[in-house]
Every structure is written in C-alpha cells, then in structure tokens.
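In what follows, a structure is listed as structure tokens, so that the remarks can point back to it.
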Amino acid sequence: MKITRVTLFAQNQPFRDGTYTCSGGRSAEGFESSIAKIETDAGLTGWGEMAPLGSFYDPSFLGGARAGMTELAPALIGMDPAQANLVNERLDLLLNGHPYVKAAFDMACWDLKARQAGIPLAEALGGRFGERMALYRSVPQAAPDAMAARAKKYIAEGYRRIQVKVGLEVKDDIARTEAVLDAVPSGTVIFADANAAWRQQQAIEFLRATRDLDYTLEQPCASYEANLAVRRHCDRPLVLDETIDSLNVLMRAWSDRLIDGITIKVARVGGVTKAKLIRDTAAALGLGVTIEDTGGAEINTAATAHLMMSTPEGVRQHTCDFYNWVTTRHTRPGFADKVFDTRDGSMAAPRGKGLGIEVDEKVLGQPLSVA
Ligand code: 0XW
Ligand code: MG
0 MKITRVTLFA QNQPFRDGTY TCSGGRSAEG FESSIAKIET DAGLTGWGEM
50 APLGSFYDPS FLGGARAGMT ELAPALIGMD PAQANLVNER LDLLLNGHPY
100 VKAAFDMACW DLKARQAGIP LAEALGGRFG ERMALYRSVP QAAPDAMAAR
150 AKKYIAEGYR RIQVKVGLEV KDDIARTEAV LDAVPSGTVI FADANAAWRQ
200 QQAIEFLRAT RDLDYTLEQP CASYEANLAV RRHCDRPLVL DETIDSLNVL
250 MRAWSDRLID GITIKVARVG GVTKAKLIRD TAAALGLGVT IEDTGGAEIN
300 TAATAHLMMS TPEGVRQHTC DFYNWVTTRH TRPGFADKVF DTRDGSMAAP
350 RGKGLGIEVD EKVLGQPLSV A
C-alpha cells in the first residue's frame, strides 16, 4: 500500500459549555482542529486529527501545526502507511522535534494499517480489554459555587469522574475542591489538576490543607524537579500529564518514584506509535494510564478510545469524550452517538475497521492544502 494523496482540512469546534478556563486565566472558546485525509493506491483512506488547546496549554499552536503539516505532507507520498515505525522515523528525520505536527499523520497511518488488516484499531494496538472505558469531565475554574453547579450538571449527565481545575491561590483552590466534593455523590472519583501552575510551596500548602479529602493530584507544578519535591509531601496518588512528553521522561519519573500514573496526550508525544510505546511501558510498570489529547472531535476521540480500549483494565484510568465537548461534527448526524455509545459516564471504542469513523467530508469545506 502506498500513499498517493494527503489533504488537510480545518475545523473550528466551539465548546458546548462555553469558555474553558484553567490556571492563570488561560482560556479558550473551542478547539481549532487540523484534519488529515490520507489516500492510498489500495483504495483505502485514513483520517487523523490534531487540535491544540489555544496556544497556552502545551508547546503547540495552530499556526505551527498547519505550517508544519503543510511542509511535511509531500514527504508522505509513496510511503507505506502500514509501516508505522518507518513513517515515524522518516518524519522525525525531516522535522526535528515538533511532535504535535506529526500526530495527525501518524493517526491516519494507523487508521489505514488497521483498515488494511480488516480490524478495529484497538485490535491492531494489542487487543480489546473489556467493552467500555470510564470518562471524566473537567470543571473549569470559576467561583466555588459555579464549579459545584457545573460538577452537578456533569453528574446528572452520567459522568462519575470529575477533574477540578485548581492552580490559582491556594485558599481559593481549597474552597473550589471542597465545594465540588460537597456537591457530588460519594464514590465520585475526583482529580485536582493544577495544570502545572503552582509553585512548589503552593502545592505543598494545598496538600496539607486537604489531607482529609479524597482526590488524586494531577500535575501540580511545571518543572520536573518541583514535582519531585512535591512528591515527598504527597501521600496520595500523583499523576503527571504536561511533564509526560516522551518515553525518556516516563523512565526517569519511574526510577525517581515520582508518579503513580500518567496522562498521555497523543499530540504531545507525536502520534499513536509513540503513545502506544509509552502506554505499553507504563502498563508493564503497573502505573495508572490515561490516554487523551489536547483537543479534537470524532476522529481524535476514536484514536484515544482505541488506545484506551487496548490498555489493560487494571491500569486504565479514564479519558475524555471530546466529541461531546464541542458543538460541531465531522460525521453524519447520529453516527458518533451510535459508535461511541456514551452513557453512564462511560464510552465504547468504535467497532468498524481502523478508527471506525466515517467522515462526512462535505462538513469540512474546502481543503487547506493538497499534496
Ligand atoms: C482536560 N484536558 C484533557 C483538556 C485540555 O486539552 C487540557 C486537558 C488537561 O488535562 O488539562
Ligand atoms: Mg491534565
């Protein structure tokens, strides 16, 4: 199988629940998605999607994604998309760094590889563990009562896991966390995610003041060293997200006894190939594993769903149903609800071949570029 054409599309995906705010007043109204369509001489078509969260969340931004993807697309012509490691090596040789630029291409190659084999992506990634995976919803930063109300709304929608956005003033963060915990039924799984915004001392103060609350701490500080210092004061599960950008850092954090779990973002690590490598290693080490992304809709949700579905249930944490975070679709009406079957705070991975997503190309409009 050889790649014959690479087409890039853009999609603006507004958030269903309005502005998303995390620490430091960083906010976005939606995702700006870049979608890659890869056609082959075998008559098969693969799709990939990458969307940064503004320009503030990860070291990635819309202009960089589009410029890099347009520059790299011609290099894919003639390559066999089923040879995922070869494609990865070639893209890494042609463009040093910028993993998020390569993520949608790698995703589309995996879609094709699994379609050619006639199996769903989860099976190509190692097998389907169970039937469904747990979902969570983030409660963006606002006043404590507004956050409590938002958490209740998500519980009413069926979610059983809530991620509280903290990372501002410690006393306000404590009030926010307490308000959400008071508002949700007992048994709700709570993650407090500071998105790397606390100084070491703030994280330690928060931990001291919330000793009696039940939650998992996510990404308290930005630097590796500050998180390591916080670990020494933390007797609850600690998960790192923004820090986990490669296998190297996973190995370092493991040997430093820094982490109990990780969050893998497909775009941050450069696609499905590298996400799988990091996932398999973390799972073998017995660490908790979340696989999600910085943004996107059905194509992206499908890729993370297949990665999660092929992760052993004993280590699987939770993921996002991003297609439900946004108001737009790139599949025909009703398709996404059917294939993801989202209910009671959980979701399935599509059953069709590859990603199992049938893109409704009309919705995407004129392409940005064709190679
Ligand atoms: C909650 N998320 C998955 C959505 C944004 O991409 C950021 C991310 C997070 O973990 O903060
Ligand atoms: Mg996070």
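Using numbering that gives the first Met the number 0, the first residue of the sequence shown is number 0, and each one after it goes up by one.
Backbone N, C-alpha and C define an ideal beta-carbon position, used for all residues, glycine too.
Bear in mind that the values here come from a model prediction, so they are computed numbers and not experimental data.
Enclosing beta strand (DSSP E) for residue i [first to last residue]
i	result
Q115	No beta strand (DSSP E) contains Q115, which is instead part of the alpha helix (DSSP H) from P98 to A116.
L239	L237 to L239
T327	T327 -> no beta strand (DSSP E), and no H or E assigned at all.
L212	Neither: L212 is in no beta strand (DSSP E) and is coded neither H nor E.
D137	Strictly speaking, residue 137 in this sequence is Ser, with Asp absent from that position. Where S137 is concerned, the enclosing beta strand (DSSP E) stretches over R136 to V138.
The alpha helix (DSSP H) enclosing residue i, as first and last residue numbers
i	result
Q162	It is not in any alpha helix (DSSP H) - Q162 instead sits in the beta strand (DSSP E) that spans R160 to K164.
E188	For the record, residue 188 in the displayed sequence is Val; it is not Glu. Segment V188 to D192 is the beta strand (DSSP E) holding V188; no alpha helix (DSSP H) there.
V179	V169 to A182
T151	The sequence given here places Lys at residue 151; Thr does not occur at that position. Note, K151: alpha helix (DSSP H), P143 to A155.
L120	L120 to A123
R251	L246 to S254
D322	Note that residue 322 corresponds to Tyr in the displayed sequence, not to Asp. That residue, Y322, is in no alpha helix (DSSP H); it is neither H nor E in DSSP.
L257	Unbroken run through L257: none, as it is neither H nor E.
N226	Y223 to R230
Where residue i falls, given that 16 or more other Cβ within 10 Å makes a residue buried
i	result
V183	buried
R207	exposed
V369	exposed
E297	buried
Q15	For the record, residue 15 in the displayed sequence is Arg; it is not Gln. Classification for R15: exposed.
L212	exposed
S222	exposed
L85	exposed
P139	buried
S254	exposed
K361	exposed
K36	buried
A283	exposed
R230	buried
P98	buried
T18	exposed
L93	exposed
H329	buried
T326	exposed
E130	exposed
N299	buried
H232	exposed
S185	exposed
K371	The structure shown does not extend to residue 371, since the chain is modelled only from 0 through 370, so no value can be given for it.
K112	buried
N11	exposed
R114	buried
Q200	exposed
P332	exposed
K1	exposed
P51	buried
K170	exposed
I356	buried
M250	exposed
E168	exposed
E48	buried
E291	buried
Cross-strand partners of residue i (DSSP beta bridge)
i	result
E31	N11
T262	T289
S26	T20
R4	E38
E217	D192 and V238
A133	S345
Proximity test, Cβ basis, 8 Å: residue i and chain B
i	result
V268	The question asks about chain B, but that chain is absent: this structure has only one protein chain.
| said: Please give me, in chain order, every unbroken run of the beta strand (DSSP E) with length at least 3 that falls completely inside the stretch 42-87. | reply: Within the stretch 42-87, the complete beta strand (DSSP E) segments at least 3 residues long are 44-49, listed from N- to C-terminus.
**Report entry** Length at least 3, wholly inside the stretch 336-370: the beta strand (DSSP E) runs in chain order
**Finding:** Within the stretch 336-370, no complete beta strand (DSSP E) segment of 3 residues or longer occurs.
Extract the residue ranges of the beta strand (DSSP E) inside the stretch 274-319, only unbroken runs of 3 or more that lie entirely within it.
Here the runs fully enclosed are 287-291.
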